[in-house]
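Position one of the sequence shown corresponds to residue 937 (this note's numbering), numbered consecutively onward.
See below for the structure under consideration.
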Amino acid sequence: MTSPSFKDSNGHLAQGFKPRHVTMLSIAGIIGAGLFVGSGHAIAAAGPAVLLAYLFSGLLVVLVMRMLGEMAVARPDTGSFSTYADQAIGRWAGFTIGWLYWWFWVLVIPIEALAAGHVLNQWFPSIDAWLFASVSIVALAVTNLFSVSKYGEFEFWFAMAKVVAIIGFISLGFAVLMGGFPSGKPAA
């Protein structure tokens, strides 16, 4: 079990995540509800050009994450990434980025919960979407009450479910394109 303090007995930052937790947290962080819910609208509007938009956006994310990784290695801290703005630019920048990040999650968590509610409501129409959304927010809150290692384990399996779903959707799409469904002919 992880220590309740941020530092271990040697004065170093305590580590509750295993490498597999970190890997799957990284993967799960880029797989949001938008991939399952919003991609259809983007593909319908932009067609194949949406791949270029995804590649460009992905490149920006990779570059920002590499920069954050370098700052984290150069100056390890128990704080969030806003501490780097605090150190480099000033307290006002760290304060502003911290509050903007908080506000971002205040808006995103309900949107993600509503998206999950609507997706699950399509599969179980007798249950209201708001109920699924409420359950997902409660589940998120409960997982954050446990230790870091337990949270990492939950996120590992949740991310694994997302990856398996994506592989399943790609396989299903490939099967449909190759004529595996209903008429038996490849899609034109």
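In this text, a Cβ means the ideal position worked out from N, Cα and C, and glycines have one as well.
- DSSP, reduced to helix, strand and coil, places threonine 1079 within a helical segment of the structure shown.
- Inter-segment contact for the region 984–995 and the region 1017–1025 is absent: fewer than three beta-carbon pairs are separated by less than 8 angstroms.
- Proximity to proline 1046 across Gly1026, Thr1032, Phe1068 and Gln1058 peaks at Phe1068, based on C-alpha coordinates.
- Alanine 1051 sits away from alanine 981, with the two beta carbons spaced by 8 angstroms or more.
- Lysine 954 and glycine 1115 have their alpha carbons spaced roughly 42 angstroms apart.
- For the pair phenylalanine 1031 and glutamate 1091, the Cα-to-Cα distance works out to about 28 angstroms.
- If you draw a straight line from the Cα of valine 958 to the Cα of alanine 1097, it is about 16 angstroms long.
- Annotation: the continuous alpha helix (DSSP H) that includes lysine 1086 extends over 1084–1113.
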